[in-house]
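Trainee: Here you go, one structure.
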Amino acid sequence: MPDKILVCKDCRTEFIFSEGEQAFYREKGFENEPQRCPECRRARKNQRRNNTGSTGRTGGRMQNNRW
Ligand SMILES: [Zn+2]
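Right under this line is the structure:
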């Protein structure tokens with residue numbers, strides 16, 4: 005399947021969801037496409053490391069607080 009162009013939810017930058025990444029996601033069982041560009045993903049990962057205690061996967065309420 006071809007590469008996909010996605011738009012980052014955070015910074016609105018277009019980024020490529022490559023064939024290889026799509027395969028990787030499928031392999032991991034992720035059903036959703038990535039919402040953020042690699043840069044924002046990395047930033048979030050670093051953030052999460054500082055915010056210990058939160059699982060980051062508890063659903064909508066937490067997401068609202070975050071932005
Ligand atoms: Zn971004």
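With our numbering, the residue at position 52 of the sequence shown is 56, and numbering never jumps.
The C-beta atom is built at its ideal place from N, Cα and C for all residues, glycine as well.
Since we're looking at a predicted model, the values are computed, not measured.
Please classify Cys15: is it buried, with 16 or more other beta-carbons within 10 angstroms of its beta-carbon, or exposed?
Mentor: Working through the sequence shown from its first residue, we reach residue 15 at position 11. Exposed.
Trainee: Beta carbon of Arg40: closer than 6 Å to some heavy atom of ligand 1?
Mentor: The sequence position of residue 40 within the sequence shown is 36, counting from 1. Checking the Cβ of Arg40 against ligand 1 gives yes.
Trainee: Can you tell me where the beta strand (DSSP E) with Glu18 in it begins and where it stops?
Mentor: One-based indexing of the sequence shown puts residue 18 at position 14. Segment Glu18 to Phe21, the beta strand (DSSP E) holding Glu18.
Trainee: Going by DSSP, what residues sit across from Lys49 in a beta bridge?
Mentor: Position 45 of the sequence shown, counted from the start, is the residue given in the question as residue 49. In the DSSP output, where bridge partners are listed per residue, Lys49 has none listed.
Trainee: For ligand 1, any of its heavy atoms closer than 6 Å to the Cβ of Asp14?
Mentor: As a working note, residue 14 is residue 10 in the sequence shown. Correct: Asp14 has its Cβ closer than 6 Å to ligand 1.
Trainee: Given a cut-off of 7 Å on the beta-carbon distance, is the pair Lys8 and Gln39 in contact?
Mentor: Translated into the one-based positions of the sequence shown, residue 8 becomes position 4. Translated into the one-based positions of the sequence shown, residue 39 becomes position 35. Against a cut-off of 7 Å, the Cβ pair of Gln39 and Lys8 comes out as no contact.
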